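Shown next, in structure tokens, is the structure this report addresses.
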Amino acid sequence: MNPPSTRRISRLFIILACALPLLCGVLHATNQPNILFIIGDNWKWPTAGILGDPMAKTPAFDRIAREGVLFTHTFNPVPSCSPTRSCLITGKAAHQIGERANLWSGFPKDTPVVTQLLREAGYAIGYSGKPWAPGNYEVSGWQENPVGPKFKDFADFHAKRDATKPFFFWLGNTDTATKGGKLPCLDLAKQKLDATRLTVPPELPDCPEVRDDLMNYYGGVMKLDDEAAAAISTLEKAGQLDNTVIIYTSDNGWQLPRGLANCYDSGSRVPLAVRWGKQLSAGRKVEEFVNVADLGPTFLELAGLTPPAEMSMHSVKNLLLGKADPTSRDAIFIERERHANVRHDNLSYPMRAIRTRDFLYIRNLRPDRWPAGDPDVKFIHDRPFGDVDTTRVKDVLLDHQDDPAFAKHIALIFGKRPAEELYDLRKDPHQISNVAADASHAETLKRLRARVDEWMKQTNDPRVDPAYDGWDKFPYYGKSSKRE
Ligand SMILES: [Ca+2]
1 MNPPSTRRIS
11 RLFIILACAL
21 PLLCGVLHAT
31 NQPNILFIIG
41 DNWKWPTAGI
51 LGDPMAKTPA
61 FDRIAREGVL
71 FTHTFNPVPS
81 CSPTRSCLIT
91 GKAAHQIGER
101 ANLWSGFPKD
111 TPVVTQLLRE
121 AGYAIGYSGK
131 PWAPGNYEVS
141 GWQENPVGPK
151 FKDFADFHAK
161 RDATKPFFFW
171 LGNTDTATKG
181 GKLPCLDLAK
191 QKLDATRLTV
201 PPELPDCPEV
211 RDDLMNYYGG
221 VMKLDDEAAA
231 AISTLEKAGQ
241 LDNTVIIYTS
251 DNGWQLPRGL
261 ANCYDSGSRV
271 PLAVRWGKQL
281 SAGRKVEEFV
291 NVADLGPTFL
301 ELAGLTPPAE
311 MSMHSVKNLL
321 LGKADPTSRD
331 AIFIERERHA
341 NVRHDNLSYP
351 MRAIRTRDFL
361 YIRNLRPDRW
371 PAGDPDVKFI
381 HDRPFGDVDT
391 TRVKDVLLDH
401 QDDPAFAKHI
411 ALIFGKRPAE
421 ELYDLRKDPH
431 QISNVAADAS
441 HAETLKRLRA
451 RVDEWMKQTN
461 DPRVDPAYDG
471 WDKFPYYGKS
481 SKRE
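Here is the structure:
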């Protein structure tokens, strides 16, 4: 047999060089799906059309849920932006990642980061809008945001990406976030939505200002969903829809009082739906409890990777595929450390909580402190109680602090809280009446208290030591508050 000629070898190389990208494309099509992660900012359960809210126009979310899986019990690990985002990309509980349990932290390079693991596994990664934020990653030595390089939007990323690689894209929309008391989505909402169908939840006073805040929020929900629809359309046109896992959720509940920075459902329960072509049976509901931070290890498993052993959050891939999941999911643990820096001496307001189907138990570890911020520490817009973000309704409450008509809401929103709170969700879904001192709930209180203790111990929470106050000492990279 004659040896192959140089020309034949060159031809073989050319054929291989041409075929390799195609081959990779086919391989990643089957083994490594693309992942489009749509993360709203302060978009709360159940403000989506398919979840029954008549004010929420969310055709894209509804489609993902109809053609995929709708999760009905999804909660954030921390009712705060960057801490939840940190838990998500490290796959850990907030108390396991040091300063990142606080808002406006640094991001030390001390633990594997899901987005970077995906990149190392051959994924093209990128984000638009709000990535890991707010915080300061540069101070920790990062050249770019831990979630990856920035793009204008998903279409921009899709056009520029290396098509031989699978992709992970983080679409961080912020239309459902408040904008310092401005109402940029109010006009849109008034044009498109029927204001007479608005319901004011009992934790908020029913006044024209809160109705404007709510209408503005629902306008933001429409805009969030419009951006999601545009990304889905880009995938569809490129023939990539069924080869992409689309995960659509939010980082925490809404930014209205008793929402963001609180362990109540308004601050911590979020929508979640996932579509993955024919891999998922359409229209299925998953009622098990899911933590938004479970999505980090889920991304890894979807990409065919094994999450590092140090990740304490659990992939929901089995739940997604309708398979048995050995992880106990009858409750979610929620926690909080320092949100904004709004107390004298940079103090945190630590909470540890458990949410079961029927109860919410919250432990306030420093009940002598003010949960919403010190009354004499002025924050953004020169207002006190800075852990309640600026909205029209906050202004009304501050303007009526001596008005008995608002006393109940002022106490609920700005007042100090006891060491333990317990809410019976069967009677009190909005978590208004604390029944921790009610003898008829003594057994439940004891049981949930023990579960929180056990969780803290098992997951090495430094707060197991009652004297530990390390989160008061970490640097804060946001704007400083004025102290009087
Ligand atoms: Ca947020």
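Heads up, the sequence shown is in full-length UniProt numbering, so the first residue is 1 and it goes up one at a time. All C-beta atoms, glycine included, are put in the ideal place defined by N, C-alpha and C. The structure displayed is predicted, hence computed values, not measured ones.
Buried or exposed by the 16-neighbour rule on C-beta atoms within 10 Å, applied to residue i
| i | result |
| --- | --- |
| residue 374 | buried |
| residue 381 | exposed |
| residue 22 | Model confidence at residue 22 stands at a pLDDT of 43, short of 50, so the residue's coordinates are unreliable; what they give is reported in the following sentence. Its Cβ having fewer than 16 others within 10 Å, residue 22 is exposed. |
| residue 31 | exposed |
| residue 464 | exposed |
| residue 269 | buried |
| residue 199 | exposed |
| residue 162 | exposed |
| residue 54 | exposed |
| residue 363 | buried |
| residue 141 | exposed |
| residue 139 | exposed |
| residue 44 | buried |
| residue 26 | Bear in mind that the predicted position of residue 26 carries a pLDDT of just 41, short of 50, making it too unreliable to give a figure here. |
CB of residue i within 8 Å of CB of residue j, strictly
| i | j | result |
| --- | --- | --- |
| residue 58 | residue 129 | no |
| residue 204 | residue 409 | yes |
| residue 360 | residue 431 | yes |
| residue 425 | residue 330 | no |
| residue 405 | residue 91 | no |
| residue 213 | residue 390 | no |
| residue 131 | residue 113 | no |
| residue 218 | residue 56 | yes |
| residue 283 | residue 66 | yes |
| residue 79 | residue 261 | yes |
| residue 68 | residue 105 | no |
| residue 471 | residue 350 | yes |
| residue 233 | residue 253 | no |
| residue 251 | residue 76 | yes |
Alpha carbon of residue i to alpha carbon of residue j, nearest angstrom
| i | j | result |
| --- | --- | --- |
| residue 64 | residue 246 | 8 Å |
| residue 450 | residue 326 | 22 Å |
| residue 109 | residue 33 | 27 Å |
| residue 248 | residue 420 | 33 Å |
| residue 477 | residue 86 | 15 Å |
| residue 47 | residue 243 | 28 Å |
| residue 473 | residue 324 | 43 Å |
| residue 412 | residue 258 | 8 Å |
| residue 301 | residue 116 | 14 Å |
| residue 215 | residue 41 | 17 Å |
| residue 414 | residue 393 | 13 Å |
| residue 60 | residue 228 | 6 Å |
| residue 442 | residue 435 | 9 Å |
| residue 454 | residue 446 | 12 Å |
| residue 386 | residue 378 | 7 Å |
| residue 125 | residue 437 | 50 Å |
| residue 166 | residue 35 | 8 Å |
| residue 170 | residue 149 | 10 Å |
| residue 299 | residue 315 | 8 Å |
| residue 143 | residue 401 | 46 Å |
| residue 157 | residue 196 | 40 Å |
| residue 290 | residue 154 | 26 Å |
Whole-number beta carbon distance between residue j and residue i, since they are thought to touch under 8 Å
| i | j | result |
| --- | --- | --- |
| residue 396 | residue 120 | Residue 396 to residue 120, Cβ: 51 Å. No contact. |
| residue 498 | residue 127 | The question about residue 498 has no answer, for the chain in this structure spans 1 to 484. |
| residue 73 | residue 287 | 6 Å |
| residue 481 | residue 342 | 5 Å |
| residue 256 | residue 354 | So it is not a contact: roughly 24 Å between Cβ atoms. |
| residue 367 | residue 336 | About 14 Å separates the two Cβ atoms, so there is no contact after all. |
Residues that DSSP places opposite residue i in a beta bridge
| i | result |
| --- | --- |
| residue 40 | 250 |
| residue 127 | 150 and 170 |
| residue 360 | 355 and 423 |
| residue 73 | 289 |
| residue 274 | 69 and 247 |
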